[in-house]
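Engineer: Please read through the structure below; I'll follow up with questions.
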Amino acid sequence: MTEFKVFWYFYHSKINTMLETILNHRTIRNFKNDPVPKPVLDVILKAGSRASTTGNMQVYSIIVTSDSLLKEKLWEVHFRQNMVLQAPLILTFCADFNRFNIWCRHRKADPGYDNFLSFVTAAIDALLAAQNCALAAESHGMGICYLGTTTYNADKIVDILELPRFVVPVTTLVMGYPAENPELTDRLPVEAIVHAERYRDYTAEDIDRIYREKESLALTAKLLEENKLETLAQVFTERRYTRKDNEFFSRKYLEVIRKQGFMEQGVSKE
Ligand SMILES: Cc1cc2nc3c(=O)[nH]c(=O)nc-3n(C[C@H](O)[C@H](O)[C@H](O)COP(=O)(O)O)c2cc1C
Numbered sequence: 003m004t005e006f007k008v009f010w011y012f013y014h015s016k017i018n019t020m021l022e023t024i025l026n027h028r029t030i031r032n033f034k035n036d037p038v039p040k041p042v043l044d045v046i047l048k049a050g051s052r053a054s055t056t057g058n059m060q061v062y063s064i065i066v067t068s069d070s071l072l073k074e075k076l077w078e079v080h081f082r083q084n085m086v087l088q089a090p091l092i093l094t095f096c097a098d099f100n101r102f103n104i105w106c107r108h109r110k111a112d113p114g115y116d117n118f119l120s121f122v123t124a125a126i127d128a129l130l131a132a133q134n135c136a137l138a139a140e141s142h143g144m145g146i147c148y149l150g151t152t153t154y155n156a157d158k159i160v161d162i163l164e165l166p167r168f169v170v171p172v173t174t175l176v177m178g179y180p181a182e183n184p185e186l187t188d189r190l191p192v193e194a195i196v197h198a199e200r201y202r203d204y205t206a207e208d209i210d211r212i213y214r215e216k217e218s219l220a221l222t223a224k225l226l227e228e229n230k231l232e233t234l235a236q237v238f239t240e241r242r243y244t245r246k247d248n249e250f251f252s253r254k255y256l257e258v259i260r261k262q263g264f265m266e267q268g269v270s271k272e
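Just so we're aligned, residue 3 is where the sequence shown starts under my numbering, counting upward by one.
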């Protein structure tokens with residue numbers, strides 16, 4: 003079978019609902035009031051727990067927020083994005099060596115996880131669990147939106163959710179039943195992100211070809227008009243993700259990682 007036929011077979015085969023869920027993903031930013039039934043939430047969290055995890059250590063935690071007062075506090079620190087108030091559930095995924103450290107200390111083992119590598123390990127675990135939860139939710143007809151603001155205001159999230167040392171928020175999912183049905187968003191062609199055997203760096207011609215479709219979208223024209231800018235790249239560098247903001251929030255996040263104990267480079271004392 004050619005590659006296309008294999009794709010076609012799986013895509014149209016009713017047995018592969020997982021692939022259908024993945025290929026139909028769109029971020030949802032408007033939610034109905036309907037609560038998520040407990041058994042559905044349970045299976046979503048179970049799916050999170052079945053994600054691959056470094057050394058089977060499961061060095062992450064998921065904080066499930068449904069309380070309206072806590073949601074309002076989270077809404078403030080997530081730049082007041084509406085869906086934080088609207089969606090019935092907010093799941094905050096944290097890099098977490100706290101539980102593992104405690105286990106080690108109760109079992110005559112000396113945890114050496116107060117370092118940057120351990121933070122990255124735990125952050126990867128947390129993200130894998132998050133994406134499993136996202137797909138499980140979508141497979142139940144729910145919608146999700148990740149919140150990048152988690153890393154911007156991680157210090158405040160630590161306070162609101164009372165996260166102890168060795169626990170750092172890395173991402174958040176808002177989830178619930180969709181009150182909108184947005185179009186699929188564009189992606190770069192797959193050849194843009196895949197390298198055969200070794201990395202092949204991009205020439206100016208490659209960049210022209212890879213970004214051609216994205217740059218010719220009606221949405222791009224609208225963004226350029228609204229922002230009075232010449233290129234789509236400038237919308238990113240001058241409006242959405244500026245150097246100034248990136249540097250400011252980098253300093254803040256590094257401080258949280260340090261304060262939560264991941265930059266000691268020594269043996270844990272707690
Ligand atoms: C780590 C991460 C953080 C994100 N943060 C936000 C956010 O704070 N607000 C928002 O509206 N969308 C957020 N998104 C959603 C992206 O904007 C969205 O995935 C992207 O535009 C592609 O659209 P799609 O998910 O519908 O395909 C985030 C996505 C990721 C992966």
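Even for Gly, the Cβ is constructed at its ideal location relative to N, Cα and C. Note that this is a predicted model, so its numbers are computed, not measured.
Nearer than 7 angstroms: is that true of the beta carbon of His142 relative to any heavy atom of ligand 1?
Structural biologist: Locating residue 142 in the sequence shown gives position 140, counting from the first residue. No, the Cβ of His142 stays beyond 7 angstroms of every heavy atom of ligand 1.
Engineer: How is the beta strand (DSSP E) around Ala97 delimited, first residue to last?
Structural biologist: Indexing the sequence shown from 1 puts residue 97 at position 95. First-last of the beta strand (DSSP E) with Ala97: 91 to 98.
Engineer: Could you give the residue range of the beta strand (DSSP E) that holds Ile65?
Structural biologist: For the purposes of this step, residue 65 is taken as the residue at position 63 of the sequence shown. Element bounds for Ile65: 62 to 67.
Engineer: Just to check my reading of the structure: Thr81 and Thr151 have Cβ atoms closer than 8 angstroms, yes? What is that Cβ distance to the nearest angstrom?
Structural biologist: Looking up residue 81 in the sequence shown gives position 79. Looking up residue 151 in the sequence shown gives position 149. As written in the sequence, residue 81 is Phe, which differs from the Thr given in the question. With 8 angstroms as the limit, Phe81 and Thr151 qualify as a contact, their Cβ atoms being about 5 angstroms apart.
Engineer: With a threshold of 16 other CB atoms inside 10 Å of the CB of Thr153, please say whether the residue is buried or exposed.
Structural biologist: Walking along the sequence shown from the start, residue 153 turns up at place 151. Under this definition Thr153 is a buried residue.
Engineer: Just the Cα atoms here: how many angstroms apart are Val281 and Leu87?
Structural biologist: In the structure displayed, the chain extends from 3 to 272; residue 281 sits before or after that span and is not available.
Engineer: So does Cys96 have its beta carbon nearer than 7 angstroms to some heavy atom of ligand 1?
Structural biologist: Start at 1 with the first residue of the sequence shown, and residue 96 comes out as number 94. No; taking the cut-off as 7 angstroms, the Cβ of Cys96 has no heavy atom of ligand 1 nearer than that.
Engineer: Under three-state DSSP, which class holds Tyr243?
Structural biologist: The residue you call residue 243 lines up with position 241 of the sequence shown. DSSP places Tyr243 in coil when its eight states are reduced to three.
Engineer: Measuring straight from C-alpha to C-alpha, what distance separates Arg109 and Phe102?
Structural biologist: Translated into the one-based positions of the sequence shown, residue 109 becomes position 107. Translated into the one-based positions of the sequence shown, residue 102 becomes position 100. Cα-Cα distance, rounded: 11 angstroms.
Engineer: Beta-carbon separation of Leu165 and Gln83 under 8 angstroms?
Structural biologist: The residue labelled residue 165 in the question sits at position 163 within the sequence shown. The residue labelled residue 83 in the question sits at position 81 within the sequence shown. Contact: no.
Engineer: Within 8 angstroms (strictly less), CB to CB, does His108 reach chain B?
Structural biologist: Absence of chain B from the displayed structure is noted, only one protein chain being present.
Engineer: Distance, Cα to Cα, Val170 vs Asp98?
Structural biologist: Position 168 of the sequence shown, counting from 1, holds the residue named residue 170. Position 96 of the sequence shown, counting from 1, holds the residue named residue 98. Each residue's Cα considered, the two are about 7 angstroms apart.
Engineer: Going by CA-CA distance only, name the one from Val38, Gln60, Arg189 that's closest to Asn26.
Structural biologist: What you label residue 26 is simply residue 24 of the sequence shown in a count that begins at 1. Of Val38, Gln60, Arg189, the residue nearest in Cα terms is Arg189.
Engineer: How many Å lie between Val277 and Cys106 at the Cα?
Structural biologist: Since the first residue of the chain shown is 3 and the last is 272, residue 277 is not available in this structure.
Engineer: With DSSP run on the structure shown, which of helix, strand or coil describes Ile30?
Structural biologist: Reading the sequence shown from its first residue, position 28 is the one you call residue 30. Coil, per DSSP.
Engineer: How big is the Cα-Cα spacing for Pro184 and Thr55?
Structural biologist: Within the sequence shown, numbered from 1, the residue matching residue 184 stands at position 182. Within the sequence shown, numbered from 1, the residue matching residue 55 stands at position 53. Rounded to the nearest angstrom, the two C-alpha atoms are 32 angstroms apart.
Engineer: Shorter than 7 angstroms, the distance from the beta carbon of Arg253 to the closest heavy atom of ligand 1, or not?
Structural biologist: Translated into positions along the sequence shown, residue 253 becomes position 251. No.
Engineer: Excluding the 5 residues flanking Val269 on each side, which residues of the same chain have their C-beta closer than 7 angstroms to its C-beta?
Structural biologist: Here the question's residue 269 lines up with position 267 in the sequence shown. Only weak support exists for where Val269 lies, its pLDDT of 47 falling under 50; the value from the coordinates is given anyway. Answer for Val269: Asp112, Gly114, listed in chain order.
Engineer: In chain order, what residues of the same chain lie with their CB nearer than 8 angstroms to the CB of Leu129, ignoring the 5 residues before and after it?
Structural biologist: Reading the sequence shown from its first residue, position 127 is the one you call residue 129. Once the five neighbours on either side are set aside, the close Cβ partners of Leu129 are Phe95, Val172, Thr173.
Engineer: Given the structure, does Arg82 come close to ligand 1, in the sense that its CB is under 7 angstroms from one of the ligand's heavy atoms?
Structural biologist: The residue labelled residue 82 in the question sits at position 80 within the sequence shown. No.
Engineer: Heavy atom of ligand 1 less than 7 angstroms from the Cβ of Thr173, yes or no?
Structural biologist: Here residue 173 corresponds to residue number 171 of the sequence shown, with the count starting at 1. Flag set: Cβ of Thr173 near ligand 1.
Engineer: Are the beta-carbon atoms of Asn134 and Ala223 separated by less than 8 angstroms?
Structural biologist: Within the sequence shown, the letter at position 132 stands for residue 134. Within the sequence shown, the letter at position 221 stands for residue 223. For Asn134 and Ala223, no; Cβs fall outside 8 angstroms.
Engineer: Among residues of its own chain, excluding the 5 on either side of Arg167, which ones have a beta-carbon nearer than 7 angstroms to its beta-carbon?
Structural biologist: Sequence index remark: in the sequence shown, residue 167 carries index 165 (1-based). Answer for Arg167: Asn100, Gln262, Gly263, Glu272, listed in chain order.
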